[in-house]
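In terms of full-length UniProt numbering, the sequence shown opens at residue 1 and continues consecutively. Even glycine gets a Cβ: it sits at the ideal position worked out from N, Cα and C. Before any comments, here is the structure.
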Amino acid sequence: MPEILIVDDSISVRRALEITLRNNAMQSRSTVSGEEAMELLHSGAYQCDAMLVDVIMPGMSGIDVCRAVKADGRYGGLPVILMSGNVDDEIRSQAREVGADGVLRKPFRSEELMPMVEGILARSGETAGADAGAPLEEPAGEADVAAEPAPAGERIQNAHLDALNEVLQRYEDHPRMLDAVILDREGRPIRQTGTRLPENITTFARFFTNTAGVLGQQMLGEAIQDVTIRYGAHEMVIHSLPGHFVIVLLGEGAHALQA
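In structure tokens form, the structure reads like this:
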């Protein structure tokens, strides 16, 4: 099973990538900085088949990480995909200069991410040690590797994953976010950032979203999918998505992000 190293300082991006890769039969490990990623590789205790690296990070940038990896013969031409919210000619030029194997625009879609990763892995296996100046992979084409079914409770269809990814990125680096949890409809947690939300929170999430949905149908003629509950200086925002709940706890002085 392919192993992918994720390097990004955004918790929501890391989480979305982890979920996408898992549901396409890939394992992953995440680091929050370029320095941490290079330390992990240098340790020799961890090996990966490819890297997904954010371009703009505090300290060591994604360009710096890619340059260091490609210049070190110990990594045997390890594929590196750079990620950026702004993919322009300058980014592509820098990526080619340091030997990146692909450039992915954020926020990503699973239909763009997986064909790129799988195609690069396939070529890497066939042409180990290929010239770093090969053409950059763009988000296009069909997947070359068939995905195995994900474990029960973790299956997320592509369309649902895109919606989940969009919600998560709206809370990216929110200064007042205390905790966030993703639950499937059976109440099983998929991801949680902290421990402030109780285990039985899914019971309340179902109650409030179902009640809001009924009220919405009666009063407005349409379903309500997002619910904000204010208590004291805190807010709890519940997003009801197909197959999943995203529950976010915001701290004092916070205001829920608009849908």
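Do Val-98 and Ile-63 have their C-beta atoms closer together than 8 Å? yes
Between the C-alpha atoms of Asp-131 and Leu-168, what's the straight-line distance to the nearest angstrom? Residue placement at Asp-131 cannot be trusted, given a pLDDT of 45 that sits under 50; the coordinates are not used to answer.
Using only CA atoms, which one of Asn-24, Pro-107, Gly-76 lies nearest to Ser-12? Pro-107
Ends of the alpha helix (DSSP H) at residue 260? Because residue 260 is not part of the residues shown, which for the chain are 1 to 259, the question remains open.
So, Glu-18 versus Ser-10, is the Cβ gap smaller than 8 Å? no
Just the Cα atoms here: how many angstroms apart are Asp-89 and Arg-96? 11 Å
Can you look up Leu-78 in the DSSP assignment and give me helix, strand or coil? coil
Can you tell me which of the three DSSP states His-42 falls into? helix
Between the CA atoms of Asp-101 and Ala-122 - distance to the nearest angstrom: 12 Å
Using CA coordinates, which residue listed in Pro-79, Leu-178, Asp-184 is at the minimum distance from Val-237? Leu-178
Identify, in the order they occur along the chain, each residue of the same chain with its Cβ nearer than 6 Å to the Cβ of Ser-30, setting aside the five sequence neighbours on each side. Ile-6, Arg-14
Three-way DSSP call (helix, strand, coil) for Val-55 in this model: coil
Nearest-angstrom Cα separation, counted from Gly-232 out to Gly-59: 38 Å
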